[in-house]
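In our numbering, the protein residues as written are 1 to 152.
From the three backbone atoms N, C-alpha and C, an ideal C-beta is built for every residue, glycine too.
The structure presented is a predicted model; accordingly, all values stated were derived computationally and were not measured.
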């Protein structure tokens, strides 16, 4: 089940992330490894900074593997540590679709957003990313926000 594609203006924000290369079918285990998302949340907690929902920002999508940034938004900066990068993302405009379903069907949500961007005269403004609302539901579904930066 997917919502309608929305066009949103996103404010600039601090983020902390790890850069990974992994097989496309192993993204879940890669981002939940102890030194990735749990390590990033621990770093934020250690410095008294609140961290938001996790995201994966896809820098390259290959035939069998991908390069991505796995991270979280922060309410402020923290010192980088143990291969965790702290950065400040500038504001942007994006096309976003909220998808509720199994991760195996996320490709359909991406296709819908890509079609929307092309049909409405936008151009792509950078890598796409997914924002995750928790680990998923007992029925195997999860809520994922599929996002693409766009330019007029």
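Exercise. Residue 62 and residue 40: beta carbons closer than 8 Å?
Worked result: no
Exercise. Based on Cα-Cα distance, which residue from 125, 142, 115 lies nearest to residue 4?
Worked result: 115
Exercise. At what residues does the beta strand (DSSP E) containing residue 110 begin and finish?
Worked result: Note, residue 110: premise wrong, no beta strand (DSSP E); alpha helix (DSSP H) at 106-119.
For this session: Return helix, strand or coil for residue 38, following the three-state DSSP convention.
Result: helix
Exercise. Between the stretch 12-19 and the stretch 87-98, are three or more C-beta pairs nearer than 8 Å?
Worked result: yes
Exercise. Rounded to whole angstroms, how far is the Cβ of residue 65 from the Cβ of residue 128, which I believe are closer than 8 Å?
Worked result: Actually they are not in contact, since the Cβ atoms of residue 65 and residue 128 sit about 16 Å apart, beyond 8 Å.
For this session: Pull up the distance between the alpha-carbon of residue 107 and that of residue 17, whole angstroms please.
Result: 23 Å
For this session: Could you work out which residue in 7, 47, 103 is closest to residue 26 when comparing CA atoms only?
Result: 103
Exercise. Would residue 75 be called buried (16 or more neighbouring beta carbons within 10 Å of its own) or exposed?
Worked result: exposed
Problem set entry | Inter-residue Cα distance where the pair is residue 50 and residue 59 | 25 Å
Exercise. Got a sec? Which residues, its chain only, sit under 7 Å from residue 57 by beta carbon, not counting five neighbours each side?
Worked result: 68, 69, 127, 129
Exercise. Quick one: what's residue 15 bridged to in DSSP?
Worked result: 73, 87
For this session: Please go through the same chain and pick out, in chain order, the residues whose beta-carbon is closer than 8 Å to the beta-carbon of residue 86, but skip the five residues on each side of it.
Result: 14, 15, 16, 74, 77, 78, 79, 80
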